[in-house]
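Novice: Numbering (the numbering used here), first residue to last: 41 to 112.
Backbone N, C-alpha and C define an ideal beta-carbon position, used for all residues, glycine too.
One structure follows; several queries about it will come next.
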């Protein structure tokens, strides 16, 4: 029973750490805008996001890279 409790606690700790990491990555207004646009349209390429957000392509790409590298 004790081992099961610690396994569940470890799983919970992992999930909480992962949730905190996702929130840290999303804690930027541009990344929140990207997520908002993707939720509404499902798929957009960098050029489409750039036009919608009126940001330079390099800025959009950098934010997408950060999200992808953290598997968000």
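(1) Does the distance from the C-beta atom of residue 78 to that of residue 72 stay below 8 angstroms?
(2) Hey, residue 61 and residue 105: beta-carbon distance below 8 angstroms or not?
(3) Can you name the start and end residues of the alpha helix (DSSP H) that residue 35 belongs to?
(4) Run through DSSP, which three-state label would residue 85 get?
(5) May I have the straight-line CA-CA distance separating residue 54 from residue 108, to the nearest angstrom?
(6) Which residues in the same chain have their Cβ closer than 8 angstroms to the Cβ of residue 103, if we skip the five residues on either side of it in sequence?
(7) With C-beta atoms as the reference, is residue 86 less than 8 angstroms away from residue 101?
Specialist: So, to answer that:
(1) No; because the gap between Cβ atoms is not below 8 angstroms, this pair is not in contact.
(2) Result no, Cβ atoms of residue 61 and residue 105 do not sit closer than 8 angstroms.
(3) Because the chain spans 41 through 112 in this model, residue 35 falls outside it and cannot be assessed.
(4) Reduced to three states, the DSSP call for residue 85 is coil.
(5) If you take the alpha carbons of residue 54 and residue 108, they lie about 19 angstroms apart.
(6) Closer than 8 angstroms at the Cβ level, and outside the excluded window around residue 103, lie 68, 70, 71, 74.
(7) With contacts defined as CB atoms closer than 8 angstroms, residue 86 and residue 101 qualify as a contacting pair.
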